[in-house]
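When we follow this note's numbering, the leftmost residue of the sequence shown carries the number 266, and every step to the right adds one.
In this text, a Cβ means the ideal position worked out from N, Cα and C, and glycines have one as well.
Quick caveat, the model's predicted, so the values are computed rather than measured.
Let me begin by presenting the structure, written as structure tokens, before commenting on it.
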Amino acid sequence: MSSKRVFPAPLGGSVKIPGDKSISQRVAMLASLAEGTSRVIGYLNGADARSTLSAMEQMGAVAEFRDDALYITGVAGTLRPPAGPLDMGNSGTGTRLLAGLVAGAGIEVTMVGDESLSSRPMGRIRHPLELMGAHIGLSGQKGTLPMVVCGGKLKGIGYLLPMASAQVKSCILLAGLYAEGKTTVVEPRPTRDHTEKLFQALDIPIEIDGLEISIHGFGSRGPRFKARDFVVPGDFSSAAFWIVAAAVRPGAELVLEGVGLNPRRTALLDVLRRMGASIEIVVTEAAGDPWGTVTVRGAPLHGTVIEGDEIPNLIDELPILAVAGALASGRTEIRDAAELRVKESDRIAEMVGNLRLFGVEVEELEDGMVVGGPAALETPERALDSRGDHRIAMSMAILNTFGSGPVTIQNTGCVDTSYPDFWKHMAALGGKVEG
Ligand code: S3P
């Protein structure tokens, strides 16, 4: 099992952020379905993006990395049955979106995953997909993987999402591609809209009316749309670690380039500014999924309340935001975030437990936590365990750049799912990492 030893050190300087995980996976799926060859710049070289691409290759797409780009030749709407189970690794996005994509494709697909993915709820996609006419078998004990998707002739449905989840929304929209008639999803709160933006870029007929999104299905013969070129912006959720590391340290200055700035992903910036942070944004590309440069200058921060509509737009940033809370003065409250309990780990329990090991005062709530600060961090002697959750591993590494001594973080291989260059970038920004 891999582990890292992280030392206290101020971080500063400049780094280019690698490709967005959510967008890379969606591009892999849609380019694989298109007619012709798409050229993709900036595809994330992370395990989740690789497992999704490999799944598409097993269903007939052809992918090749050449001259710093990824070329994907699609199947023009007709997926081939894979020879065996698709190993989705750690990827909830890959699994849930792909289940929707193949539900109407007339093939049978089995999906398996690692221990973390095999504990995550899949009933949330089974229900709408079965309403559309697919058969979904979940042989795990609690509605979990392994999953068999047995495609059927799908019909469009109207579906009110019981939780704010871009994965469930996207799953239904992708299934809607193969359905007869119109499929409408209504979100309880706005979530990331990368799927919708890519549909628009590919001229797939989609209508967006506030929180209601509709797609006109192509029917069981499958969608017909042409390949195109894509540029994947840097992952805001990866940038978030450095943004927080600099924002909470007075005197620090850090510049991040090529950062995805989709407004449905960047609520962390609003929260940090509310806490007193100094952050400048320069948008370099505004069309589709925008991106640009983020400059952070450290300042003393104070606590705030994070709840309601903000939550889905910073859902993956809540672990690192809890770190910011520990270093800010006063109370930082996170509420309405029960979804954190079913991510790659129970992120509420893991963050509360880890922060306490550093002497931070934290109250655990069913749907969040209250973090007291500023804490005089006491780095624990004992090793921490990421529990196989990349965002826990990276959040604890950033926390200990403010610690009182070196810390060992075990089970750090998971960082490769979203940010394989994380440790290299930490060293480039002045951090000290061993192992
Ligand atoms: C994702 C959506 C979010 C997020 C996950 C990626 C996506 O999950 O936590 O890391 O790519 O759609 P939910 O939509 O289930 O909250």
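Annotation for S289: Y308, L309, A314 and V497 place their beta carbon closer than 6 angstroms to its own, counting only its chain and skipping 5 residues before and after. Shortest Cα-Cα distance from H567 to any of S479, V413, T460 and P515 involves P515. Collapsing the DSSP output to three states places F687 in a helix.
Between the ligand S3P and the CB of I580, the shortest heavy atom gap is smaller than 7 angstroms.
The continuous stretches of alpha helix (DSSP H) do not include I471, which lies in the beta strand (DSSP E) extending over residues I471 to D474. Boundaries around G441 are those of the alpha helix (DSSP H), A431 to G441, since no beta strand (DSSP E) includes it. DSSP places E575 in the helix class (H, G or I) of the three-state scheme.
In this structure, K418 is the residue among L382, K418, T375 and T409 with its C-alpha nearest to the C-alpha of E395.
Burial is judged here by how many other beta carbons sit within 10 angstroms of a residue's own beta carbon; E631 has fewer than 16 and is exposed. At least one heavy atom of the ligand S3P sits closer than 7 angstroms to the Cβ of T358. Take M266, set aside five residues on each side of it, and the residues of its chain with a beta-carbon closer than 8 angstroms to its own are Q675, N676 and G678, in chain order.
In the three-state DSSP reduction, S268 falls in the strand class (E or B). In the assembly as shown, K269 is a buried residue. Its beta-carbon has 16 or more other beta-carbons within 10 Å. Per DSSP, the unbroken alpha helix (DSSP H) holding K462 starts and ends at H459 to A466.
Nearest to D535 by C-alpha distance, out of P275, D332, S297 and L586, is L586. Along the length of the segment 486-520, whole alpha helix (DSSP H) runs at least 4 residues long occupy 501-512, reported in chain order. The shortest CA-to-CA distance from L362 to any of F490, A293, G633 and V588 is the one to A293.
Ranking T338, G421, F501 and S383 by CA distance to the CA of L403 puts S383 first. By the criterion of a C-beta distance shorter than 7 angstroms, A444 is surrounded in its chain by G369, M397, L419, K420, G421 and G482, once the five residues flanking it on both sides are discounted. Proximity to V377 across T338, V271, E572 and T317 peaks at T317, based on C-alpha coordinates. The alpha helix (DSSP H) runs of length 4 or more contained entirely in the segment 328-377 are, from start to end of the chain, 357-368. Burial is judged here by how many other beta carbons sit within 10 angstroms of a residue's own beta carbon; I390 has at least 16 and is buried.
Proximity to P346 across Q323, L335 and T569 peaks at Q323, based on C-alpha coordinates.
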